[in-house]
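*Asks:* The letter at position 95 of the sequence shown is residue 95 when you use the UniProt record's numbering, and the numbering goes up by one with no holes. Even for Gly, the Cβ is constructed at its ideal location relative to N, Cα and C. Right, I'll just put the structure down here and ask away after.
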Amino acid sequence: MASAFSFGFSGDDIDIDVDENEVNNATETNIQEAGASTLPELVKAQKHEIDEWLSTLPSQISYSTCIISPAKDGAAGPSTSTGNGIATVTVARRDVFDIRAQLMVEDSAEEQNGELIAGLEKGDITPNFYEGGFKTWECSIDLGTLVIGEGVGLGNQDGHVVELGSGTAVPSLALFAQLLAEAETTPTSAGKRRMHFTFADYNSAVLRLVTLPNLLLTWNYFITHGNPTPTSDDPAEDNAEGQDEMLDITPELLERFRADLAHRGITVSFISGAWSPSFVDLVFSTPELAGYKTLVLASETIYSPASLLAFSDTLLALLLRSESGGSRALVAAKKVYFGVGGGVNEFLAVLRDVAGAEVGVEERMDVKSAGVGRIILEVRASQ
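Written as structure tokens, this is what we have:
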């Protein structure tokens, strides 16, 4: 027998039908599946600094661009302006064939890139080995349109953006590009706000070969091209990809990149490995970050029932660790992941078991399409 439950800011922000047996057994099932699994051992969380990987970039990177338009009336689409007057942003993404080429060059018995290359080419996910970070998933575009539409993370308060399962990092890159554009319109007399981005992905190779290059490419595109202008009223057109371009990676370019981020008060770190208490410790290993306003972004991270408990625990811990009021998380996902077992109902059931009354959940976007429906949930922790 199904029963509806709700938990949120006012007690009725979101109602999801969940089978009572699923609610009671969600956590137990996850533990049993993990214990009986023959999958590879989970990779322990590890922190990486940006300078660690900049030197590993190739001499040239091929990429394409995507214009992200703000969400309007609860759905992805163009808008004339946002609260800060910035209507659209351009994010740049390294081309798949370029990633494949570097993986092949670096392949060895030690690196064992063959399975990563297979995942890149086929789009397959291998649990505990490759979690799909080379691909841009549609929910990440949804999340990008929402965050720039609201100007999330902007303002005078120091901010900390944590993207879980970042991969190509479109949502964070949209905010990053918005920060670059905002700086162009901010008076020089205004106080400098500090912003830290933590990009987290299970695969260190994804962070090194995709996330970091995309950050550099997005920065360079803004520096050389400026901010885009919406060209139509069609979201599909405004959020479409541009043609392939090539960027020469020189020591001078990398030094300008470092210097410009420092000038803007933007810092970056990367964390690879599994979600865990030690993962949370690494996110806040720089003490002052606890005082920043935290925004956790996650897209397509709740597809697997086996990882829902770890994800929910980590999400709650990140929100509770932040000492600043107003910290929250935005979780974008398909409502149902057919053939996999995960989805919004399953996530909310596990989150309720983990957090109880400690969290509030609100629906922020409901994307209705010809395929499976998509949704963005906002999660806040009571502190």
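Let me know the secondary structure DSSP gives Gln102 once reduced to three states.
*Replies:* Residue numbering aside, residue 102 sits at position 102 when the sequence shown is read from its first letter. Gln102: helix per DSSP, three-state reduction.
*Asks:* If I measure Cβ to Cβ from Glu33 and keep anything under 6 Å in the same chain, skipping five residues before and after, which residues do I get?
*Replies:* One-based indexing of the sequence shown puts residue 33 at position 33. At Glu33 the pLDDT is 48, less than 50, meaning the model places this residue with poor confidence and gives no usable figure here.
*Asks:* Which residues does DSSP list as the beta-bridge partners of Ala298?
*Replies:* Locating residue 298 in the sequence shown gives position 298, where the first residue counts as 1. DSSP lists Leu164, Val331 as partners of Ala298.
*Asks:* Between the alpha carbons of Ser59 and Gln102, how many angstroms are there, rounded?
*Replies:* Locating residue 59 in the sequence shown gives position 59, counting from the first residue. Locating residue 102 in the sequence shown gives position 102, counting from the first residue. So the two alpha carbons sit approximately 11 Å from each other.
*Asks:* Name the one or two DSSP bridge partners that Thr56 has.
*Replies:* One-based indexing of the sequence shown puts residue 56 at position 56. DSSP lists no partner for Thr56.
*Asks:* Inspect the beta-carbon positions of Glu308 and Phe284 and report whether they are closer than 8 Å.
*Replies:* On the sequence shown, residue 308 is found 308 positions in, with the first residue counted as 1. On the sequence shown, residue 284 is found 284 positions in, with the first residue counted as 1. Looking at the sequence shown, residue 308 is not Glu but Leu. Against a cut-off of 8 Å, the Cβ pair of Phe284 and Leu308 comes out as no contact.
*Asks:* For the alpha helix (DSSP H) containing Ile376, name the first residue and the last one.
*Replies:* On the sequence shown, position 376 is the one that residue 376 refers to. For Ile376, there is no enclosing alpha helix (DSSP H); the residue is found in the beta strand (DSSP E) stretching over 374 to 381.
*Asks:* Whose CA, out of Ala174, Val89, Leu164, lies closest to the CA of Val296?
*Replies:* Translated into the one-based positions of the sequence shown, residue 296 becomes position 296. It is Leu164 whose Cα lies nearest to the Cα of Val296.
*Asks:* Based on the DSSP secondary-structure assignment, which residues constitute the bridge partners of His196?
*Replies:* On the sequence shown, residue 196 is found 196 positions in, with the first residue counted as 1. In the DSSP assignment, His196 forms a beta bridge with His160, Thr267.
*Asks:* With a threshold of 6 Å on Cβ separation, who are the neighbours of Gly133 within its own chain once the five nearest residues in sequence on each side are excluded?
*Replies:* Residue mapping note: residue 133 aligns to position 133 of the sequence shown, counting from 1. Correct list, in chain order: Gly167, Asp201, Asn203, Val206.
*Asks:* How do the stretch 44 to 57 and the stretch 272 to 286 stand: do at least 3 beta-carbon pairs fall below 8 Å, yes or no?
*Replies:* With the cut-off at 8 Å, the stretch 44 to 57 and the stretch 272 to 286 touch.
*Asks:* Starting from the C-beta of Val331, find all residues in its chain whose C-beta is less than 6 Å away, skip the five residues before and the five after it, and write them out in chain order.
*Replies:* Locating residue 331 in the sequence shown gives position 331, where the first residue counts as 1. Within the same chain, and ignoring the five residues on either side of Val331 in sequence, the residues whose Cβ sits closer than 6 Å to its Cβ are Ala298, Leu377.
*Asks:* Got a sec? Which residues, its chain only, sit under 8 Å from Trp53 by beta carbon, not counting five neighbours each side?
*Replies:* Along the sequence shown, read from residue 1 onward, the residue named residue 53 stands at position 53. Leu207, Arg208, Leu212, Phe270.
*Asks:* Measure the C-alpha to C-alpha separation of Ala329 and Arg380 and round it to an integer number of angstroms.
*Replies:* To locate residue 329, count along the sequence shown from 1; it is residue 329. To locate residue 380, count along the sequence shown from 1; it is residue 380. Approximately 7 Å between the Cα atoms of the pair.
*Asks:* By how many angstroms is the C-alpha of Arg264 removed from the C-alpha of Ala183?
*Replies:* Translated into positions along the sequence shown, residue 183 becomes position 183. Translated into positions along the sequence shown, residue 264 becomes position 264. Answer to the nearest angstrom: the Cα atoms are 8 Å apart.
*Asks:* Round the Cβ separation of Glu300 and Ser140 to the nearest angstrom and send it over; I've been treating them as touching at under 8 Å.
*Replies:* The residue given as residue 300 occupies position 300 in the sequence shown. The residue given as residue 140 occupies position 140 in the sequence shown. 7 Å between Cβ atoms; contact.
*Asks:* Evaluate Gly273 with the Cβ neighbour count: other Cβ atoms within 10 Å of its Cβ, from every protein chain shown; 16 or more gives buried, anything less gives exposed.
*Replies:* Locating residue 273 in the sequence shown gives position 273, counting from the first residue. Gly273 comes out buried.
*Asks:* CA-CA distance, Arg364 and Asp107?
*Replies:* Here residue 364 refers to the residue found at position 364 of the sequence shown. Here residue 107 refers to the residue found at position 107 of the sequence shown. Taking the straight line from one Cα to the other gives about 43 Å.
*Asks:* In three-state DSSP terms, what is Val18?
*Replies:* On the sequence shown, residue 18 is found 18 positions in, with the first residue counted as 1. Because the pLDDT of Val18 is 39, which lies under 50, any placement of that residue in the model is unreliable, and the number read from its coordinates should be weighed accordingly. Looking at Val18 - three-state DSSP - the assignment turns out to be strand.
*Asks:* Give me the Cα-Cα distance between Ala87 and Pro40, rounded to the nearest whole angstrom.
*Replies:* Translated into the one-based positions of the sequence shown, residue 87 becomes position 87. Translated into the one-based positions of the sequence shown, residue 40 becomes position 40. Between Ala87 and Pro40, the C-alpha separation is close to 45 Å.
*Asks:* Between the alpha carbons of Lys135 and Ser172, how many angstroms are there, rounded?
*Replies:* Walking along the sequence shown from the start, residue 135 turns up at place 135. Walking along the sequence shown from the start, residue 172 turns up at place 172. Using only the alpha carbons, I get a separation of about 15 Å.
*Asks:* In whole angstroms, what is the alpha-carbon distance linking Leu215 and Asn113?
*Replies:* Locating residue 215 in the sequence shown gives position 215, where the first residue counts as 1. Locating residue 113 in the sequence shown gives position 113, where the first residue counts as 1. Using only the alpha carbons, I get a separation of about 23 Å.
*Asks:* Assign Ile31 to buried or exposed, taking buried as 16 or more other Cβ atoms, counted over all protein chains shown, within 10 Å of its Cβ.
*Replies:* Position 31 of the sequence shown holds residue 31. With a pLDDT of 38 at Ile31, under the threshold of 50, the predicted position of this residue should be treated as unreliable, though the coordinate-derived value follows. Exposed, by the Cβ-count rule.
*Asks:* Alpha carbon to alpha carbon, what distance is there between Gln178 and Gly151?
*Replies:* By one-based count along the sequence shown, residue 151 stands at place 151. By one-based count along the sequence shown, residue 178 stands at place 178. Gly151 and Gln178: Cα-Cα distance of roughly 8 Å.
*Asks:* Using a 10 Å radius around the Cβ and a threshold of 16 neighbouring Cβ atoms, would you call Arg193 buried or exposed?
*Replies:* Walking along the sequence shown from the start, residue 193 turns up at place 193. Classified as buried, Arg193 has 16 or more neighbouring CB atoms from the shown chains inside 10 Å of its CB.
*Asks:* Out of curiosity, what's the CA-to-CA distance linking Leu320 and Phe222?
*Replies:* Here residue 320 refers to the residue found at position 320 when the sequence shown is read from its first residue. Here residue 222 refers to the residue found at position 222 when the sequence shown is read from its first residue. C-alpha separation (whole angstroms): 35 Å.
*Asks:* So, at 8 Å on beta carbons, what are the nonlocal neighbours of Asn220 in its own chain, with the 5 sequence-adjacent residues on each side left out?
*Replies:* For this step, residue 220 is matched to residue 220 along the sequence shown. Ala92, Leu247, Leu253, Phe257.
*Asks:* Thinking C-beta only, is Leu318 closer than 8 Å to Glu358?
*Replies:* Taking the sequence shown and counting its residues from 1, one reaches residue 358 at position 358. Taking the sequence shown and counting its residues from 1, one reaches residue 318 at position 318. Their beta carbons are not under 8 Å apart, which means Glu358 does not touch Leu318 by this criterion.
*Asks:* Tell me where the beta strand (DSSP E) around residue 388 begins and ends.
*Replies:* This structure cannot settle anything about residue 388, because the visible part of the chain is limited to 1 through 383.
*Asks:* Would you identify the three-state DSSP class for Gln243, choosing helix, strand or coil?
*Replies:* Along the sequence shown, read from residue 1 onward, the residue named residue 243 stands at position 243. Three-state DSSP puts Gln243 in coil, outside helix and strand.
*Asks:* Find out if the Cβ-Cβ distance for the pair Tyr63, Leu217 is shorter than 8 Å.
*Replies:* Walking along the sequence shown from the start, residue 63 turns up at place 63. Walking along the sequence shown from the start, residue 217 turns up at place 217. Against a cut-off of 8 Å, the Cβ pair of Leu217 and Tyr63 comes out as a contact.
*Asks:* Let me check understanding here. Comparing Cα to Cα, which of Ile117, Thr90, Arg94 lies closest to Arg100?
*Replies:* Residue 100 sits at position 100 when you count from the first residue of the sequence shown. Comparing Cα-Cα distances from Arg100 to each of Ile117, Thr90, Arg94, the minimum goes to Ile117.
*Asks:* Can you round the beta-carbon distance between Val354 and Ser312 to whole angstroms, since I take them to be within the 8 Å contact cut?
*Replies:* Sequence index remark: in the sequence shown, residue 354 carries index 354 (1-based). Sequence index remark: in the sequence shown, residue 312 carries index 312 (1-based). Contact holds; Cβ gap of about 5 Å.
*Asks:* Which residue comes first and which comes last in the alpha helix (DSSP H) that contains Thr224?
*Replies:* Here residue 224 refers to the residue found at position 224 when the sequence shown is read from its first residue. Looking at the DSSP string, the run of the alpha helix (DSSP H) that includes Thr224 is 212 to 225.
*Asks:* Is the separation between the beta-carbon of Val147 and that of Ala174 shorter than 8 Å?
*Replies:* To locate residue 147, count along the sequence shown from 1; it is residue 147. To locate residue 174, count along the sequence shown from 1; it is residue 174. Yes, the Cβ-Cβ distance between Val147 and Ala174 is below 8 Å.
*Asks:* Out of Gly341, Gly360, Ala333, Gly356, point me to the one whose CA is closest to Glu138's CA.
*Replies:* Position 138 of the sequence shown, counted from the start, is the residue given in the question as residue 138. Of the candidates Gly341, Gly360, Ala333, Gly356, the one whose C-alpha sits nearest the C-alpha of Glu138 is Ala333.
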